[in-house]
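**Student:** Protein chains in written order, with the numbering used here: chain B, 313 to 485; chain F, 124 to 635. Please read through the structure below; I'll follow up with questions.
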Amino acid sequence: MWRILREVARHRRVSEALPEPACEWQREGQRIQHEILRVLGRALAIREVDAGSCNGCELEIHALNNPYYNLEGAGIRFVASPRHADLLLVTGPVSRHMETALRRTYEATPAPKLVVAVGDCGCDGGIFGEQSYASCGGVARVIPVDVAITGCPPAPIDLMRGILAAVTARPPD
Amino acid sequence: MRPAGLEVDFAALAAPLPMHRGRTDADGWSACARHIAEAGGRLVSLWGSDTSRDEPYVAAAYASAEGLLWVEFELDRAAPAYPDIARLFPAAGRMQRALFDLLGFRAEQAIDVRPWLRHAAWPEDVFPLRRDFDPARRFPAAGDAYPFVTVEGDGVHEIAVGPVHAGIIEPGHFRFSVVGEKVLRLEQRLGYKHKGIERRFIGMDLGQGAQLAGRVSGDSTVAYAWAFAMAAETLAGVEPPPRALWLRALLLERERVANHLGDLGALGNDAAFGFALARFSGLREDWLRDNGEAFGHRLLMDRICPGGVACELDAAGRERLLARADAATGELARMRRIFDEHAGLQDRFVTTGRVTPALAAQLGLCGLAGRASGQAFDLRADFPWPPYDRLAVRKCGHHNGDVAARVELRFDELFESLRLIRALLVGLPDGPLRSELALPALASGAGWVEGWRGEVFVALDSDAHGRIARCHCHDPSWQNWPLLEHAVIGNIVPDFPLINKSFNLSYSGQDL
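Encoded structure:
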């Protein structure tokens, strides 16, 4: 146990002494966190749906929960069920085999709800194309989308900006 | 060349690893499979094409002591069928089912002929990779009843999970048959992410193809981009300059480190040790930011291109990466000690989700999970291609085959990759970054690379205009998904996420 405590203590000091480039975006991250809290005044619950991505976007969405971005520290949580969610964060392209599952997930999310499409493929099918025998293309072809975040994949800071854009454009309450 | 005991002549491909291609008939196809199985060879991939040459063909790639053997035979267009090889190589079962879904080539006398990649998106008598298929055509959703194997008996019930899972994970369906908490059987159903990648390749130029290959499985973008580039270079007879090869290896090892860091954090977290997730996800973030600073992309997408690389590393970047490799080595040593001494973690890891070496060999477990179950295969050490031929890669391995072994192996491989990264940074030769490359008409090439998850294989055929006639991308997850079904037998349901994470297989890479 003492090794863990020592490790915790060690790293708190280290991250406070982070060099410039990291601090710069940390300030931006904090600004966005405060903005989300100001707009919402409470927690935001996100349900992530992978509707056919290459998994690259998921890696960057995972990063939102690391100690640098600390999204959960701002009261924004990823939840296990759409029934608990205010916002769906959907990566694409939407494969035809995920079309029904995505629609059902949307229907299971209580209104008012927000949808953020993630990544070039979530926006318009990206490199996988707009429509084919196996792909529906962008998320908006299957469910209504409030905000689309471009990038392949979008960096975590862009994901945070996109989530903020969605909640400021149309607050859930 | 004619490998001992085989009646087929093989021609060497102009590739950096030993790869040979030979043509045969139906009898030769079966004889090859039998002989390679008896000699202890492995099935790497199985695919087919109707767009490469006048007649359709089916092909299998095997790993043998001589290297990779690409065995191919021409099919009858009117009734395309080939002898089943799943009795010899069980991993072929799902590949054969997928081959039928996409091309309508039938495996004769196959045991399991249920659809695999096809759900409801296209009818059973339409084959998307046939030359006469219209890629823009969309079909109304067909019925999607899939005959799962059911388990009956007192107190047995089913738990159906997915396709939308509870976390930030790719979609797939798991059907558990359980008694109380104990898993009697797991059956997977994948194919939810099938987005027509292989159809999309047809007619693309090299640049587009390289981008698409880098998005078959986002966590292995470097491995796929390298395998695709190697296939194109093999086909064209072009060698990338040394500096490009060293940079590629640097990128590949950086991808391995990033994924192992992410997995170790997630494994700790799945055993209720949140501290591990905080530390390892922080380390991973440092690592990805270095990627962004040094190479211009956090996940290193599109950095490898056919003929060379599309990135450069300056002296400052080199110093930065060296310093990070040194720092990470110290951090990892401390974290490993914490993992080793944590009784709660070890209690969850040890004996959980075990795949014995005998079962692993029988079913063809490969890559990282294979090495944790005594399957000592690593292309970087077995067939070291440049620049690995200068680095003497130490092959890591374990025999217990449980979650603990897969955790141990990740630590071992991290230390080895960090050593390789330092050696690559120190020895990085000067020179150009790219050789000119154009695809010759109607030729074939292959790429074979040890990605972080296992061996990634790409087979590439060019058409009469030097564009892509067919590109088959194979993920090691094809081999390893069926083993996950075995690994959970007798374990409790709450340990499934932990076992699943310890394999960390790709859905996108196998759904294509």
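The C-beta atom is built at its ideal place from N, Cα and C for all residues, glycine as well.
#1: Quick check: is the beta carbon of G364 (chain B) nearer than 8 Å to any beta carbon in chain F?
#2: From what residue to what residue does the alpha helix (DSSP H) around Y418 (chain B) run?
#3: Quick check: is the beta carbon of R261 (chain F) nearer than 8 Å to any beta carbon in chain B?
#4: Assess, as a yes-or-no matter, whether the region 250-261 of chain F is touched by the region 327-340 of chain F under the definition of 3 or more beta carbon pairs within less than 8 Å.
#5: From this set, F:G290, F:E310 and F:D342, which residue's C-alpha is nearest E281 (chain F)'s C-alpha?
#6: What is the rounded straight-line gap between the Cα of E231 (chain F) and the Cα of I455 (chain B)?
#7: Give a yes or no on whether 8 Å exceeds the smallest Cβ distance from S340 (chain F) to chain B.
#8: G632 (chain F) and G577 (chain F) - do their beta-carbons sit closer together than 8 Å?
#9: Who are the Cβ neighbours of R322 (chain F) in its own chain at under 7 Å, not counting the five residues just before and after it?
#10: Buried or exposed for I615 (chain F), going by 16 or more other Cβ atoms inside 10 Å?
#11: Measuring alpha carbon to alpha carbon, tell me which of F:G520, F:E435, F:R542 and F:G487 ends up nearest A446 (chain F).
#12: Over the uninterrupted beta strand (DSSP E) stretch that includes F196 (chain F), give me the two end residues.
#13: Three or more C-beta pairs closer than 8 Å, one from the region 264-275 of chain F and one from the region 451-471 of chain B: is that the case here?
#14: Ordered along the chain, which non-local residues of its own chain (more than five positions away) have a Cβ less than 8 Å from that of E416 (chain F)?
#15: Taking CB distances under 8 Å as the criterion, tell me whether E360 (chain B) reaches chain F.
#16: What ranges does the alpha helix (DSSP H) occupy inside the region 282-331 of chain F, keeping only unbroken runs of at least 4 residues that lie completely in it?
#17: Below 8 Å on the Cβ atoms is my contact criterion, and I expect C433 (chain B) with P405 (chain B) to pass it. Report the Cβ-Cβ distance as a whole number of Å.
#18: Does any residue of chain F bring its CB to less than 8 Å from the CB of E370 (chain B)?
#19: Who are the Cβ neighbours of L551 (chain F) in its own chain at under 6 Å, not counting the five residues just before and after it?
#20: Would P286 (chain F) pass as an interface residue toward chain B - the criterion being a Cβ-Cβ separation below 8 Å?
#21: Name the residue from F:A466, F:K518, F:R529 and F:D173 whose alpha carbon lies nearest to the alpha carbon of M313 (chain B).
#22: I'd like to know if Y380 (chain B) contacts chain F, where contact means its C-beta is closer than 8 Å to some C-beta of that chain.
#23: Any C-beta of chain B sitting closer than 8 Å to the C-beta of S631 (chain F)?
#24: Can you name the residues of chain B whose CB is closer than 8 Å to the CB of Y315 (chain F)?
#25: If distances are taken between C-alpha atoms only, which option among F:G570, F:Q469, F:M218 and F:D173 comes closest to R200 (chain F)?
#26: DSSP three-state label for D362 (chain B), please.
#27: Under a three-way DSSP split, which group does Y380 (chain B) fall into?
#28: Taking P477 (chain B) as the reference, which of B:A452, B:C448 and B:A429 has the closest Cα?
#29: Can you say whether D436 (chain B) is buried or exposed, counting buried as having 16 or more other CB atoms within 10 angstroms of its CB?
#30: Mind checking A481 (chain F): buried by the 16 CB within 10 Å criterion, or exposed?
#31: Grouping DSSP H, G and I as helix and E and B as strand, with all else coil, what is V380 (chain F)?
#32: At a Cβ threshold of 8 Å, is S625 (chain F) touching chain B?
#33: Measure the C-alpha to C-alpha separation of D409 (chain F) and R379 (chain F) and round it to an integer number of angstroms.
#34: Closer than 8 Å between beta carbons: that is the criterion. Which residues of the region 234-246 of chain F meet it against chain B?
#35: Classify W604 (chain F) as helix, strand or coil using the three-state DSSP reduction.
#36: Along the region 417-435 of chain B, what residues have a CB closer than 9 Å to any CB found in chain F?
**Tutor:** Result, derived from the coordinates:
#1: Locating residue 364 (chain B) in the first sequence gives position 52, counting from the first residue. Closer than 8 Å to some Cβ of chain F, the Cβ of G364 (chain B) qualifies, so yes.
#2: Residue numbering aside, residue 418 (chain B) sits at position 106 when the first sequence is read from its first letter. Counted as a single uninterrupted DSSP element, the alpha helix (DSSP H) harbouring Y418 (chain B) occupies residues E411 to A420.
#3: Residue mapping note: residue 261 (chain F) aligns to position 138 of the second sequence, counting from 1. Interface residue, yes.
#4: No contact exists between the region 327-340 of chain F and the region 250-261 of chain F.
#5: Counting from 1 along the second sequence, the entry for residue 281 (chain F) is found at position 158. That would be F:E310, whose Cα lies nearest to the Cα of E281 (chain F).
#6: In the second sequence, residue 231 (chain F) corresponds to position 108, counting from 1. In the first sequence, residue 455 (chain B) corresponds to position 143, counting from 1. Whole-angstrom Cα-Cα distance: 43 Å.
#7: Counted from its first residue, the second sequence places residue 340 (chain F) at position 217. Yes, S340 (chain F) lies at the interface with chain B (some Cβ there is under 8 Å from its Cβ).
#8: As a position in the second sequence, residue 577 (chain F) is number 454, starting the count at 1. As a position in the second sequence, residue 632 (chain F) is number 509, starting the count at 1. At a Cβ-Cβ threshold of 8 Å, G577 (chain F) and G632 (chain F) do not count as neighbours.
#9: Position 199 of the second sequence, counted from the first residue, corresponds to residue 322 (chain F). Counting only Cβ-Cβ distances below 7 Å, and skipping sequence neighbours, we find P251, L252 and P258.
#10: Stepping through the second sequence from its first residue, residue 615 (chain F) is reached at position 492. By the neighbour-count rule (16 or more Cβ atoms within 10 Å), I615 (chain F) is not buried but exposed.
#11: Locating residue 446 (chain F) in the second sequence gives position 323, where the first residue counts as 1. The candidate whose alpha carbon is nearest that of A446 (chain F) is F:R542.
#12: In the second sequence, counting from the first residue as 1, residue 196 (chain F) sits at position 73. Residues G190 to E197.
#13: The count of Cβ pairs closer than 8 Å, one atom from the region 264-275 of chain F and one from the region 451-471 of chain B, stays below three, leaving the stretches out of contact.
#14: Here the question's residue 416 (chain F) lines up with position 293 in the second sequence. These residues qualify, in order along the chain: G440 and R443.
#15: What you label residue 360 (chain B) is simply residue 48 of the first sequence in a count that begins at 1. The beta carbon of E360 (chain B) sits closer than 8 Å to some beta carbon of chain F.
#16: Taken in chain order, the complete alpha helix (DSSP H) segments of 4 residues or longer contained in the region 282-331 of chain F are 320-324.
#17: Position 121 of the first sequence holds residue 433 (chain B). Position 93 of the first sequence holds residue 405 (chain B). Taking 8 Å as the upper bound for CB-CB distance, C433 (chain B) and P405 (chain B) are in contact here, some 5 Å apart.
#18: Counting from one through the first sequence, the residue named residue 370 (chain B) turns up at place 58. With 8 Å as the cut-off, E370 (chain B) counts as an interface residue toward chain F.
#19: As a working note, residue 551 (chain F) is residue 428 in the second sequence. Take L551 (chain F), set aside five residues on each side of it, and the residues of its chain with a beta-carbon closer than 6 Å to its own are W369, in chain order.
#20: For the purposes of this step, residue 286 (chain F) is taken as residue 163 along the second sequence, with counting starting at 1. For P286 (chain F), the answer is yes, since a Cβ of chain B falls inside 8 Å of its Cβ.
#21: Translated into positions along the first sequence, residue 313 (chain B) becomes position 1. Closest by alpha carbon: F:A466.
#22: Numbered from 1 along the first sequence, position 68 holds the residue referred to as residue 380 (chain B). Yes, contact with chain F.
#23: In the second sequence, residue 631 (chain F) corresponds to position 508, counting from 1. So, interface residue.
#24: Residue 315 (chain F) sits at position 192 when you count from the first residue of the second sequence. Near Y315 (chain F) (Cβ distances below 8 Å), the residues of chain B are G364, S407, H409, M410 and A413.
#25: Here residue 200 (chain F) refers to the residue found at position 77 of the second sequence. The shortest C-alpha separation from R200 (chain F) is found at F:D173.
#26: Within the first sequence, numbered from 1, the residue matching residue 362 (chain B) stands at position 50. Correct three-state label for D362 (chain B): strand.
#27: Residue numbering aside, residue 380 (chain B) sits at position 68 when the first sequence is read from its first letter. Three-state result, Y380 (chain B): coil.
#28: What you label residue 477 (chain B) is simply residue 165 of the first sequence in a count that begins at 1. Correcting the residue type first, residue 477 (chain B) is Ala in the shown sequence and not Pro. Comparing Cα positions, the closest option is B:A429.
#29: On the first sequence, position 124 is the one that residue 436 (chain B) refers to. Of the residues assessed, D436 (chain B) falls on the buried side of the cut-off, its CB having 16 or more other CB atoms within 10 angstroms.
#30: Taking the second sequence and counting its residues from 1, one reaches residue 481 (chain F) at position 358. Of the other Cβ atoms in all chains shown, fewer than 16 fall within 10 Å of the Cβ of A481 (chain F); this residue is therefore exposed.
#31: Taking the first residue of the second sequence as position 1, residue 380 (chain F) is located at position 257. Correct three-state label for V380 (chain F): helix.
#32: Along the second sequence, read from residue 1 onward, the residue named residue 625 (chain F) stands at position 502. Look at S625 (chain F): its C-beta is not under 8 Å from any C-beta on chain B.
#33: Within the second sequence, the letter at position 286 stands for residue 409 (chain F). Within the second sequence, the letter at position 256 stands for residue 379 (chain F). The alpha-carbon atoms of D409 (chain F) and R379 (chain F) are separated by roughly 15 Å.
#34: Residues passing the 8 Å Cβ filter: H242, A243, A244 and W245.
#35: Counted from its first residue, the second sequence places residue 604 (chain F) at position 481. Taken through DSSP and simplified to helix, strand or coil, W604 (chain F) comes out as helix.
#36: Cβ proximity to chain F below 9 Å picks out T417 and C433 from the region 417-435 of chain B.
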